[in-house]
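Protein chains in written order, with the working numbering: chain A, 6 to 215; chain B, 6 to 215.
Where is the CB? At the ideal position from N, CA and C, for every residue including glycine.
What follows is a single structure, written as C-alpha cells, with notes after it.
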DNA sequence: ACGCCATCTGTCGTTCACTGACAGATTTTC
DNA sequence: GAAAATCTGTCAGTGAACGACAGATGGCGT
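Next comes the structure, spelled out in C-alpha cells:
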C-alpha cells in the first residue's frame with residue numbers, strides 16, 4: 006500500500022540486481038581498458054564491485070560475456086529498428102537502414118561511442134572475446150532470420166533464403182566494422198556499413214579481371 | 006651417411022612429429038566421439054598417445070584446435086580448387102564450384118565423410134568448438150579475400166568488395182552446413198552449398214511480402 | 001510487526017585448461 | 001663422434017568455471 010509502490014515497475018531486489026550487473030560491466034570495462042582483457046581476472050572485477058567471484062558467474066556465463074553485453078544489446082535494437090521500417094522495402098534495404106540507424110544513434114552519444122569503440126577493441130585484440138562475439142552473432146542469426154522471414158512472408162524453416170539473408174547481412178556488418186577498425190578509422194562505421202549493404206543490394210557476383 | 010637419406014623429403018624428426026600429430030588427432034576424435042568434447046580431458050588424449058599433456062599443447066594451441074584441424078585443411082583445399090577454376094568465371098560462381106568440388110571429394114571417401122560429420126557434430130554441440138571454428142573461419146577470411154581480389158584484379162586493401170565477397174561466401178557455406186545438420190540430413194552438403202551459392206549469384210534483395 | 005518462503009550471495013573445495021622454467025633425451029650437423 | 005639445435009617430460013603455478021552448502025535478504029501474507 007501507500008508509498009511502498011516503486012516509481013518504476015520492479016521490486017527492490019530486482020533493482021539491486023540491475024545495479025550489480027551494471028556495476029560489474031562498468032568495473033570490467035575499466036579494467037579491460039587499462040590492463041587488457043586477459044590480464045584482468047574475474048577476481049579483480051568482483052573485488053572492484055565488492056562481490057564474490059562466484060556471484061560474477063551468476064550474472065555472466067563467462068568473462069567474455071560481460072565484454073560483449075553491449076553487442077547483444079545492439080542486436081535487440083536492430084530488431085526494433087527493423088520493425089519500424091516500411092513494409093514495402095526489400096529485405097536487404099530494410100536491414101541496411103535498420104543497422105545504419107542503430108549505429109548512428111551510438112555515434113551521436115559520446116559515452117556510447119567510446120564504449121562501442123572499446124568493445125570493438127576488445128573483440129579485435131582478444132581472441133577469446135572475438136570467438137565469443139562470433140558465437141553470439143550466430144546465436145542471434147536465428148532470431149534475425151525469423152524476422153526476415155516474416156518480412157518476406159515465407160516459412161523460415163522451409164525456405165533457405167531468410168537464413169541466407171540474415172547471415173549475409175551479419176557478414177557485411179562484420180566486414181564494415183573490421184574495415185573501420187583496421188583500415189578506415191576516420192570514417193564513421195555507419196557510413197561503412199551503409200556502403201557495404203549498398204554493395205549487397207547491387208549484387209556481388211563480380212566479373213573476373215579484364 | 007649413405008642410407009640415411011629419407012625416401013620422402015623430410016628427416017626422421019619431422020616424420021616422428023607428423024606421426025605424433027596424427028595420433029593425437031585420432032585419439033582425440035575417438036574420445037570426443039564416445040565421451041563428448043567437454044567430458045574428454047587433454048590428459049586422456051595425451052595418455053592415449055603416451056605423451057605428456059604438455060606435449061599436446063606444443064602441437065595444438067588449445068583443445069578446440071585439434072577438433073577443427075580438418076576444417077582448416079578444407080580451407081586450404083578450397084584455395085587450391087579456386088585456382089583451378091577458369092579465370093573467366095565471375096567470383097561467386099568460381100567460389101561456388103571450388104567449394105562444391107571440395108565437399109564432393111569428402112563425400113566420396115567413406116572415412117573422410119564420417120570424420121567430416123563428426124567434426125560438424127562437435128561444432129554444433131560444443132559451444133567452445135563452435136566459437137573456435139568461427140574464429141578460425143574469420144582468420145581465413147583474409148587469405149580468401151586476397152585470392153578473390155587477385156581474381157577480380159583489384160587491390161584488396163583499397164577495394165572493399167573482395168572482403169565482402171569472401172565473408173558472404175563463408176556465410177553462405179555456414180548456412181548450408183547448418184541446414185544440413187539441422188533440417189536436411191538426407192541431402193548432401195555439397196548440394197545444399199550449391200543451392201546457397203546459386204541464390205547468392207541471383208541476388209538476395211528480395212521484395213517484401215505481397 | 002512478525003515470520004515464512006523464495007531467492008540471492010559468500011565460502012569452500014575441486015576440476016581442468018593452459019603456461020613458464022628447467023633438465024634430460026634425441027636428432028641433426030659438422 | 002662432439003657440438004648445436006630441437007623435442008619432450010616433470011614440476012609448479014595461475015586462473016576460469018562449477019557444485020554444494022549455509023547464511024543473508026527481500027517479498028508477502030497475516
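- At a C-beta separation below 7 Å, residue 208 of chain A has these neighbours in chain B: 208.
- Assigned with DSSP and collapsed to three states, residue 138 of chain B falls in helix.
- Taking a beta-carbon distance threshold of 8 Å, residue 140 of chain A counts as an interface residue toward chain B.
- For residue 167 of chain B, the enclosing alpha helix (DSSP H) stretches over residues 166-187.
- Cβ contact annotation for residue 96 of chain A (same chain, cutoff 7 Å, sequence separation greater than five): 153, 156, 157 and 170, in chain order.
- By the Cβ test, the segment 95-115 of chain B is in contact with the segment 200-207 of chain B, since at least three Cβ pairs between them sit closer than 8 Å.
- By the rule that beta-carbons nearer than 8 Å mark a contact, residue 24 of chain A does not touch chain B.
- Remark: C-beta atoms of residue 127 of chain B and residue 72 of chain B approach each other more closely than 8 Å.
- Neighbours of residue 152 of chain A across chain B, judged by C-beta separation under 8 Å, do not exist; the nearest C-beta is about 12 Å away.
- Under the 8 Å criterion on CB atoms, residue 135 of chain A is classed as interfacial with respect to chain B.
- Residues of the segment 179-199 of chain A with a C-beta atom less than 7 Å from some C-beta of chain B are 179, 180, 184 and 188, listed in chain order.
- Contact annotation: in the segment 93-111 of chain B, residues whose CB is within less than 7 Å of a CB in chain A are 93, 94, 95, 96, 97 and 98.
- Inclusion of residue 88 of chain B and residue 193 of chain B in the CB contact set at 8 Å is not warranted, their separation being larger than that value.
- Excluding the 5 residues flanking it on each side, residue 53 of chain A has same chain C-beta neighbours closer than 6 Å at 32, in chain order.
- Residue 166 of chain A counts as buried, since no fewer than 16 other beta carbons sit within 10 angstroms of its beta carbon.
- Residue 56 of chain A has a beta carbon lying at 8 Å or more from every beta carbon in chain B.
- For residue 22 of chain B, the enclosing alpha helix (DSSP H) covers residues 17-40.
- Beyond the five residues adjoining it in sequence on each side, residue 149 of chain A comes within less than 6 Å, by CB distance, of 171 in the same chain, given in chain order.
- A direct Cα-Cα distance of roughly 25 Å separates residue 120 of chain A from residue 57 of chain A.
- Listed in chain order, the non-local C-beta contacts of residue 201 of chain A below 6 Å within the same chain comprise 177, 180 and 181, local neighbours out to five positions each way being set aside.
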